Structures are given as structure tokens and as C-alpha cells.
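For reference, each letter of the sequence shown is one residue, going 15 to 566 in the numbering used here. A quick write-up on the structure given underneath.
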Amino acid sequence: MSITQLKIPRKALLRDMTAGLVMSIITVPGSIANGILAGINPIFGLYSTIVGTTVGAFFTSSVIMNVDTTGATALAVGSSLLGKSSDMHLEYLVVLVILVGIFQLIFGLLKLGMLTDYISNAVMTGFITGVAAQAILGQVGDLTGYYSQAGNKIVRVFDTLVHFREIDIVTLGVGLLTMTVILGVERTRLARYAYVMALAIATLTVLVLGLDSVALVGDTTNIPQTLPRFNLPSFSLIGEMIIPALAIAIIGLVQSSGVSQSFPNPDGAYPDPSGDFRGQGIANLATGFFGGLPAGGSLSGTALLRSMGGRTRWANIFTGIFSLIMVLLFARLIEALPVSAIAGLIVMVGISIVNLPRISTAWHTGPAPTAIMLITFVGALLMPIHYAVFLGVFIHILLFVFQSAEAVRVEQILVLGDERYAETTPPEVLPSGEIIILQPIGSLFFAGAAKFEDQLPAIGQAQGTAVIIRLRDRDEVGSTFIRIIERYAQTLKAQGNLLMLSGLNQHVLEQFEDTDLLDLIGGENIFPAQARFGASIEQALQRAETWKNQQS
15 MSITQLKIPR KALLRDMTAG LVMSIITVPG SIANGILAGI NPIFGLYSTI
65 VGTTVGAFFT SSVIMNVDTT GATALAVGSS LLGKSSDMHL EYLVVLVILV
115 GIFQLIFGLL KLGMLTDYIS NAVMTGFITG VAAQAILGQV GDLTGYYSQA
165 GNKIVRVFDT LVHFREIDIV TLGVGLLTMT VILGVERTRL ARYAYVMALA
215 IATLTVLVLG LDSVALVGDT TNIPQTLPRF NLPSFSLIGE MIIPALAIAI
265 IGLVQSSGVS QSFPNPDGAY PDPSGDFRGQ GIANLATGFF GGLPAGGSLS
315 GTALLRSMGG RTRWANIFTG IFSLIMVLLF ARLIEALPVS AIAGLIVMVG
365 ISIVNLPRIS TAWHTGPAPT AIMLITFVGA LLMPIHYAVF LGVFIHILLF
415 VFQSAEAVRV EQILVLGDER YAETTPPEVL PSGEIIILQP IGSLFFAGAA
465 KFEDQLPAIG QAQGTAVIIR LRDRDEVGST FIRIIERYAQ TLKAQGNLLM
515 LSGLNQHVLE QFEDTDLLDL IGGENIFPAQ ARFGASIEQA LQRAETWKNQ
565 QS
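The structure is reproduced here in C-alpha cells:
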């Protein structure tokens, strides 16, 4: 980012300042909710907004991207800290978030922004839906006032239903009131303020009516009216946090890719995803040293900021500044927020995350995307979230390899004359004394190469046959494919037949030159791709005819 990008036109100053102020009012309750969602002191969620949002605004390729903590990353943090003593949460969090920043910065420096294209819609749909379910189920205790000691969140829901007489009706009523207000206000012109208004109404209700049985944030958490404190990482914790950090880094980057693809910069150009990776990495490095939750590009936050008039980097900078002012001046007000109201807010956030059209798309696309979505969803419910991401990606890779292999086929090209060609099914067994042109269709890597070998015509008793394999439009072939071609060439040669290759581009030709395959086939039987379509096939056919005449 150049310094000129920080210049703000007078017309935009008031607009960005207003957007930042309103955004901070909306963000502070959300940050507290994410802190609670992660099972840690809510102040760590606020520090993410104060530090991460402000620093991210300076370094992302996207001018307007809102970098902040999200429900998905908060849940992943909660999974990462499961079983850790609350006294050690800050030490683990510092190491975790710094590692997240390092991973994201490395991804950005290596220009790996395009890798988000390889995480399928099915994986992300299953993961995001699982995160939403985790968020909703995790609020049962705060929402009802009954805290089950069962092993996991699903069992806790059933245990709560069994012990329904121990539910605090007043606490549940405040949570339901919060959810009802959100639903009602979201149907009006004030929809963007629904969460703030719901929390305000719930808080006033508790204070005015003196509902002493309703727990407040201040009953368990002290919001310090101080600046975030600088922390040094404990290097001994790196080993425990490195895998969760990698998963959280990927979660944040995948979520931010939607921002990069949805919101162009003021000059009309779309941001560089790798540049946004770098910006988020720097933001998390800073956030980690100050004890905040991991931050990432927020699609909903960015859309909200834009809808309130934000247009430059200063909109996010003002968001961070005003959030700090709120912590310094209004900490006691934050402590007065009812815990069940925040739980109701989180439930509504969880419901809003569930994308029914996206689920329907994955469900109706086919059995493979449906299976990937369901497995990732169940994984997100039953295992730590960072492992669920890796599980979904791993299964997707396996299915991709399997589907790629299934899509491989071999076609025979028939020469009709006058540069006219047709495709047909190749013979199961090679005939003698013929010229056969074969063309593979589909991936030739790994299992695809083996599938190709299975479909090659058997050599049988064939003699004096020239087989031409056309490889035009292949930018690269794997070592498995090269070994298959080598075996086929050796068997053909042993019975007095000939293998020829046509349409090779320069890179594939270099791959063959680096192996013994070129010597086996012979340079005179290799025909590089030509600018004119069909030229290399014609050269190969001429060579084949010459060879056949020599065999007579």
C-alpha cells in the first residue's frame, strides 16, 4: 500500500468516520460474543477488533475489507484451547494467533491466493453449516441457565431437555426476547442495527425489572479499561498450536476470498487475493502480540461497512479507534450485558450462517458433493473444527483423484482424408500391419494414468503395426504415465511394432528428454506440436507409412 492510499477526500472523511462509529457499536457486541464463543475472556475478542481491524486496514490489497474475528475462527480457537487451563488461555492464544499470522503471510508472499479455488463448495458448505450448528448448540447453557456436564454439545442438548425443570425461565426469556427483537428489526429499515438494538433492549429489561437471576458479563468477566497489553510468545507451546494455527489460517483465508471476489477497489479493479493474504497475516501478527482472537476478512462486515457509506481504508481504521474508545470509556456498560442475551445473539448469527441455497446446490449436484458436505458437517460437529477442515479437504482430494481416473478414456482417430478426422472406439486388440492413432481424454496423473493403460488396445499377436499416441494440448505428464508409455513401447518393439508420439509441446518434450523414453522410442518417432492443427499427425502418418514400407 502506498502512502497516497491513506489520503482521504474531505467528502469521504465524515462518511468514513460515521461508518466507523456505527460499525464499532455493532462490532463490539459481536466481538464479545465471539470471545464467549471461543470459551475465553471476551476482552480478547475486543482486542481483535481494536488491533486486527486497524492494522489490517493498512496492509490488505482490498481497500474496504473488514478484517475482524468471525464465528468460524472463534469456534476453531475454542476447539484448539479445549482442555487447556483458563489461566493459560492467554499464553496459548498469543502463540496460536502469531502462528496464524505467519502462515497467512507466507501464503501471501508465495502468491497462493489462487489455492482457495481448490477448496470445493461442498467442503466449505459442510464446514460452515457445521460451524453454525456448533455455535447454536454451544449456547444452550448460557441461554437456559442450566449447564450440563455431558461430554459433547449434542448430548448436552438432550441432557438439558431431560432436566427441563432446572432451566431458569427468566434467563431463557431474556435470550428469547433478544432473538425476537433481532427477527423483528431485521424486517425494517433499521435491519443493520438489529443486534445493537436487541442487546440494548434486553439489557434495559434486566436492569429496569431487576432480574437478578440473569447472569451478566461482569459476573464472570472484568473488562479492563486499559490499552491492550503487549505479550511475548511462549515458544514451548508452538508444537501444540501449529496444526490448529494452520487450519485457522486456511479458514480465515477461504472466508476472505469472498471479499476479494465481491468488492472491487475504488479504481474498479478487484483486489489481489494474495495481497489480502499478506494483509491478514500482518494483522494477525499484531493481534497475536496483543492477545486478540485471530482475525480474517469478513464478508458480512465488509458488506455492512459499505452499506453504511464506508469507501476508504479509514472506515476500518475509525472502526478500530472507536472500539478502543468504547473499551476505555464504556467498559462498565459492556459488563452489564446479559449473558443470555449474547447467547441469543450468537444463536441468530448461527442461523444466519446456514445457507440453504448453497446446501441445496451441493445436495443436488451429485452423490460425491453430497457425501463430502455431510462428512465435513458431521466432522465439524464431532471433532475439533480445525480437523474437520482437513478431513473435508482430504476426502475431496480422494474423490477428485477417483473421479479424474473414472473420466479417462482412449479414443481412436480415423483419418477421412482432406484433413478430416473422426473419433471412434479403439479396438480391444491391435490388428497387424495397420496404423492406429490413439488420443487419451482426461487426466493422465496417478490413477488416471493407470486407467489409460487399462484402455490401451492389447498387443496380442500384432506385428508390423504403427501406434501413434497424440498428446496435443498436454502441458505436462506425470512420471506414472511416462513409465506406462515406456512399457507399451518396449512390448510393441519386442513383437516388431512401432510406437510414435505426436503433438508434444516443448515442456512435455523436455520431460521425455530427461528420461530414457526418448532413446527407446527414437527421436525420428517423436513429432512436436505445430501451429497448424493436424500438422504433427500428418508428419507421424508419413513416418508410419515409410516404416511400414521398410518392413515389407
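Ideal Cβ placement from N, Cα and C applies to all residues, glycine included. The model shown is predicted, which means the values in this text are computed figures rather than measured ones.
Within 10 Å of its beta-carbon, does residue i have 16 or more other beta-carbons around it, so buried, or fewer, so exposed?
| i | result |
| --- | --- |
| Ala90 | buried |
| Thr438 | exposed |
| Ile150 | buried |
| Ser493 | exposed |
| Pro56 | buried |
| Arg434 | exposed |
| Val176 | exposed |
| Ile389 | buried |
| Arg203 | exposed |
| Pro454 | buried |
| Pro242 | buried |
| Gly201 | Position check: residue 201 holds Arg in this sequence, whereas Gly was assumed. Looking at its Cβ environment, which holds fewer than 16 other Cβ atoms inside 10 Å, Arg201 is exposed. |
| Phe391 | buried |
| Arg292 | buried |
| Arg546 | exposed |
| Ala436 | exposed |
| Thr560 | exposed |
Can you give the Cα-Cα distance for residue i and residue j, rounded to whole angstroms?
| i | j | result |
| --- | --- | --- |
| Leu518 | Val69 | 50 Å |
| Met102 | Phe178 | 34 Å |
| Ala259 | Ile331 | 26 Å |
| Leu230 | Tyr161 | 16 Å |
| Ala300 | Leu396 | 32 Å |
| Lys562 | Thr505 | 18 Å |
| Gly266 | Asp290 | 11 Å |
| Val429 | Gln469 | 21 Å |
| Gly305 | Val491 | 48 Å |
| Ala554 | Ile482 | 7 Å |
| Ile226 | Val353 | Note that residue 226 corresponds to Asp in the displayed sequence, not to Ile. Looking at the two C-alpha atoms, the distance is approximately 12 Å. |
| Phe570 | Leu223 | In the structure displayed, the chain extends from 15 to 566; residue 570 sits before or after that span and is not available. |
| Leu190 | Ala355 | 8 Å |
| Leu251 | Ser288 | 28 Å |
| Val363 | Ala146 | 8 Å |
| Leu218 | Glu105 | 36 Å |
| Ile17 | Ala283 | With a pLDDT of 44 at Ile17, under the threshold of 50, the modelled position of this residue cannot be trusted, and the question is left open. |
| Ile262 | His521 | 37 Å |
| Ala212 | Ala86 | 22 Å |
| Pro471 | Gly380 | 32 Å |
| Ile54 | Val422 | 51 Å |
So residue i and residue j are in contact, right, with Cβ under 8 Å, and what is the actual spacing, rounded?
| i | j | result |
| --- | --- | --- |
| Ser76 | Phe336 | 21 Å between Cβ atoms; not a contact. |
| Thr192 | Leu359 | 6 Å |
| Glu476 | Ser446 | A quick correction: the sequence has Ala, not Glu, at residue 476. Confirmed, about 5 Å. |
| Gly66 | Ala329 | The Cβ separation is near 15 Å, so there is no contact. |
| Gln509 | Ile473 | 6 Å |
| Gln239 | Leu342 | 5 Å |
| Asp82 | Ser312 | 5 Å |
| Ile498 | Glu467 | 5 Å |
| Ala52 | Ala88 | 4 Å |
| Ala350 | Gly232 | 6 Å |
The stretch 112 to 124 contacting the stretch 287 to 299, beta-carbon criterion three pairs below 8 Å: yes
Given 8 Å, three or more beta-carbon pairs between the stretch 91 to 101 and the stretch 154 to 171: no
Alpha helix (DSSP H) runs wholly inside the stretch 76 to 128, at least 4 long, in chain order: 85 to 94, 103 to 123
Whole alpha helix (DSSP H) elements within the stretch 438 to 525, 4-residue minimum: 461 to 469, 493 to 508
Stretch-stretch touch, CB-based, cutoff 8 Å, three pairs: the stretch 365 to 375 with the stretch 169 to 176: no
Given 8 Å, three or more beta-carbon pairs between the stretch 106 to 113 and the stretch 234 to 252: yes
Segments of 4+ residues assigned as alpha helix (DSSP H) that fall wholly inside the stretch 333 to 418: 353 to 367, 370 to 379, 381 to 396
Sequence ranges, beta strand (DSSP E) only - wholly within the stretch 254 to 339, length at least 3: 310 to 312
Every unbroken alpha helix (DSSP H) within the stretch 153 to 196, with a cutoff of 4 residues, ordered by chain: 154 to 158, 167 to 176
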